[in-house]
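The next block holds one structure in the form of structure tokens; read it before the comments.
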């Protein structure tokens, strides 16, 4: 089941890995992958299983194969920290991925822009495309609808029998959509929606509108 | 000097104080000077410190006949205390002996509170007698050249060993001792323990089951026949006494005459939150107590705590509301009466608290038990019997705690490095790791050096390195520094210091509570009403407020389970409800109105009956089972049963349990007849079903939290230093998932499951409980509304979850939680 939503007359399709395809532009939006996090931890003496580092690339491959987008735009925090050997894996992935890749830099992206440019990735502080504003940190700007990340949003649901679950989600308010964190081994932050907010949760390989 | 002459020194000192040494003290001196190791079983306030300080000092006199003119500097004895708060007291008693016997010995303290300056001074010249905590001892092992510090140490005493046994700090102690045995050739090892069920085992764990030290050791028991009187506070109006609750404020007025009739009264509460509330409420109702009543719990600033302790000794306070922070150590002679508010969940702890009162020889200890809800009166009555028969629980020691071992090995690698072939036999001698296999040992070494079990090319894992001579060593300063900060096995939520804006420190609160406050909110803490201003770094700024509030910080604390013996007593007590009043205790008699209410909807079970109640409320469908086996068994049984039910039909339920029974709460009714027809209480396949049930709920996941921190996988930052290591922070929950997906054979991941089994779920008792249920008549009562028995359980908010339904299906029945 494919779920999509219309924002300012444009169509956006959800993917349960945590990505969003802008159909008209064939642009895949992905936020907060935090590549290199596993290696970073290992470098500092915490033995996180290294196969977990591979998982991000597998997920990226799956979503790219599914949508076959013209462009992939990462909304920040693509890399968790300083350069480490996971960069090599990333380079390989970029080389074999036919889509054009761009990055809106986030607070974790401290790797030199030249490094990205050397593999053909352009970096932007922010991007304005038509009346859409693409940033890492959530922003409000009159006349624009904002796509962003940074928060790693999740929400809590409750039901009869004192049931509660917490799930990562796409969090849409009137002029903004916050994307969930794409990466494995990233946490999340619970938001409390207002009545007018629209929530799309990720549940066991499905995106569901609440 | 021979032993008699030495004893003469001790005897005459006692005589000067107008004391006579107890038999157990003499026995301990004798054993110690005879070169024995041992465990001394003596209660707090019985003179146990003198039982061991004296032989330590006498041993020094014996080996240094010219001690008055010639003194060799350096560490001679270590005294381990689990609570830093106690160190001052222990120091004073040591100093008293040293001064009176005109010995040139110095006494020093080294804990987390010791200043950096003092610590480095100690590094140069260690005090002769050192008082420290298990964590600080580990820190000494992480410093370069530690073997020289300990070389001439001749004695180590582990005080309050019962508090450490059955915790990972105890394991830490076992490991430190295994090293010290090698480093200090003439070490004499002694433990001091209050009465617990497994004293013999306690000695074995302390000394190592296969060690020479254990063969050459004694168990000394202090036979002090102290009379303990337990009095239950019985509510006068039972009809209106609540069926649930944990505060007990309803009986506040009953406490007032108790306080007034006694010189000093200690009121023990079970949580710090409860302590705050009681303090507040007593003052509200009885402002005349202002100035003569105080509060004492672990999060109150140290200065305040010390002041309170001193004030108790000076007899300037008539009441102190406290938590387990006053359980141990410190001797308070003026305390006449103790009040226990709410069930103490353990006979040993209850006895220890009772022993806080009536210290003068010949006086009896009086403890009042104040129930917080009706069912606790049954507990009160059972507790009296338990005290009479001294039915004290066991403290179960840990086995194969890989997390603590990894921490310890890193500690050694940080200081001087270690050679596996030297350390392995030492570790094998400990109780905890007696069954450690060569394969597991190799796994642990691999984990430290390559962070996995196979080498990968792009891997940059860095922690312990193997040097050319085979020594395992940490050479990276950052790793060493982070490790030193992490040493310690007590894991809590990150705590935030609470300060006035101008800087006065009030205490610490869990981050979780602060995160729920917005500026301007008023909360009660350390007996004050405080307005929250902001969080800055790892500090919360506050100012005094006159606004009234009912916000009280809560601290997560472990909940203890009843022992098998205590559960048995509880059942026996409950069964008397069906007897004629003349055969009932006062407490059970007082409960008559509640039992009547219970019989309206359901029954009070007889010995051969197993009660199941079902009813619906707006919360959902409640299914309640009453085995009366204690919390731990109920936790396991609820997990097992809900798993077995989920095999019959897809279901989502939340589980709650207390010492009386457990509940499965679901959004759909469970067919109990189906449960009975399928014989879901069978012991067949119990273990494998239980194991599988753990995969579908969160118990092991929660256990993993401590394991991840202790083993150094999760870095908590340095909260009190204000240093945040954001880029290295991850949650143990995330890590648990990563292990589950990528490395399920990881020993640390597996340890989470083993610990849940052995330490929490008490597999053996579960089997016996199921066998008992098989012989009972099942009484299934379909009720219209909640019964008095069910009330404390269904209102419990701390719950486990179990679900095997499709998430999407569940979500369709749920709604989002909106801002109000």
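Residue numbers (our numbering), protein chains in the order written: chain G, -14 to 195; chain F, 83 to 902. C-beta: ideal position from N, C-alpha, C; glycine also.
Query                                                                                                                                                                              : Result
If you count every other CB in all the chains shown that lies within 10 Å of the CB of residue 263 of chain F, and 16 or more means buried, which is it?                           : buried
Along chain F, in chain order, which residues have C-beta atoms closer than 7 Å to that of residue 69 of chain G?                                                                  : 542
Using a beta-carbon distance below 9 Å, is residue 111 of chain F in contact with chain G?                                                                                         : no
To be precise: take each residue of the segment 677 to 711 of chain F, compare its Cβ to all Cβ atoms of chain G, and keep it if any distance is under 7 Å. Which residues remain? : 701, 702, 703
Hey, how far is the Cα of residue 791 of chain F from the Cα of residue 175 of chain F?                                                                                            : 36 Å
Rank F:192, F:353, F:719 by C-alpha distance to the C-alpha of residue 765 of chain F and give the top, closest one.                                                               : F:719
By the 9 Å beta-carbon criterion, what residues does the segment 143 to 172 of chain G contribute toward chain F?                                                                  : 143, 144, 145, 146, 147, 148, 149, 150, 152, 169, 170, 171, 172
Can you tell me the Cα-Cα spacing of residue 338 of chain F and residue 675 of chain F, whole angstroms?                                                                           : 26 Å
Taking 9 Å as the CB-CB limit, is residue 527 of chain F close to chain G?                                                                                                         : no
Which chain G residues are close to residue 538 of chain F, counting only those with a beta carbon under 7 Å from its beta carbon?                                                 : 35
Tell me, which residues are paired with residue 835 of chain F by DSSP?                                                                                                            : Bridge partners of residue 835 of chain F: none, in fact.
Please report the straight-line C-alpha distance between residue 553 of chain F and residue 544 of chain F, rounded to a whole angstrom.                                           : 16 Å
Let me check one thing: in DSSP terms, what residues is residue 6 of chain G bridge-paired to?                                                                                     : G:-2, G:13
Return helix, strand or coil for residue 885 of chain F, following the three-state DSSP convention.                                                                                : strand
Where residue 26 of chain G and residue 150 of chain G are concerned, what is the direct C-alpha to C-alpha distance, given to the nearest angstrom?                               : 29 Å
Quick check on residue 30 of chain G - is its C-beta less than 9 Å from some C-beta in chain F?                                                                                    : yes
Quick check: the Cα distance between residue 829 of chain F and residue 726 of chain F, rounded to an integer number of angstroms?                                                 : 28 Å
When the Cα atoms are used, what is the spatial distance from residue 854 of chain F to residue 655 of chain F?                                                                    : 17 Å
How is residue 542 of chain F classed by DSSP in three states: helix, strand or coil?                                                                                              : coil
Residue 469 of chain F to residue 693 of chain F, Cα distance in whole Å?                                                                                                          : 28 Å
Counting only beta-carbon separations shorter than 9 Å, does residue 189 of chain G have a partner in chain F?                                                                     : yes
For residue 896 of chain F, which of helix, strand or coil comes out of DSSP?                                                                                                      : coil
Please state whether DSSP places residue 418 of chain F in a helix, a strand or coil.                                                                                              : strand
On the DSSP bridge assignment, give the partners of residue 450 of chain F in chain order.                                                                                         : F:313, F:421
Contact criterion: CB-CB distance below 9 Å. Does residue 18 of chain G meet it with respect to chain A?                                                                           : No chain A is part of this structure, whose protein chains are labelled G and F.
Do residue 672 of chain F and residue 459 of chain F have their beta-carbon atoms positioned less than 9 Å apart in this structure?                                                : yes
What does a CB cutoff of less than 7 Å around residue 256 of chain F pick up in its chain, not counting 5 residues either side in sequence?                                        : 287, 512, 513, 514
Does any residue of chain F bring its CB to less than 9 Å from the CB of residue 81 of chain G?                                                                                    : no
Here's the rule I'm using: 16 or more other beta-carbon atoms within 10 Å means buried, otherwise exposed. How should residue 241 of chain F be labelled?                          : buried
Assuming contact is defined by CB atoms lying nearer than 9 Å, are residue 821 of chain F and residue 831 of chain F in contact in what I supplied?                                : yes
In chain F, which residues lie less than 7 Å from residue 27 of chain G when you measure between Cβ atoms?                                                                         : 533, 541, 542, 543
For residue 195 of chain G, name the three-state secondary structure that DSSP assigns.                                                                                            : coil
Using the Cα positions of residue 424 of chain F and residue 331 of chain F, report the straight-line distance between them to the nearest angstrom.                               : 10 Å
Counting C-beta neighbours from all protein chains within 10 Å, is the total for residue 571 of chain F 16 or more, i.e. buried, or is it exposed?                                 : Reliability of the predicted coordinates at residue 571 of chain F is poor, the pLDDT of 48 falling under 50, and the value obtained from them is presented with this limitation in mind. Looking at its Cβ environment, which holds 16 or more other Cβ atoms inside 10 Å, residue 571 of chain F is buried.
With distance defined between alpha-carbon atoms, name the residue in F:867, F:421, F:732, F:283 nearest to residue 314 of chain F.                                                : F:421
Have a look at residue 864 of chain F and residue 696 of chain F and give me their C-alpha separation to the nearest angstrom.                                                     : 5 Å
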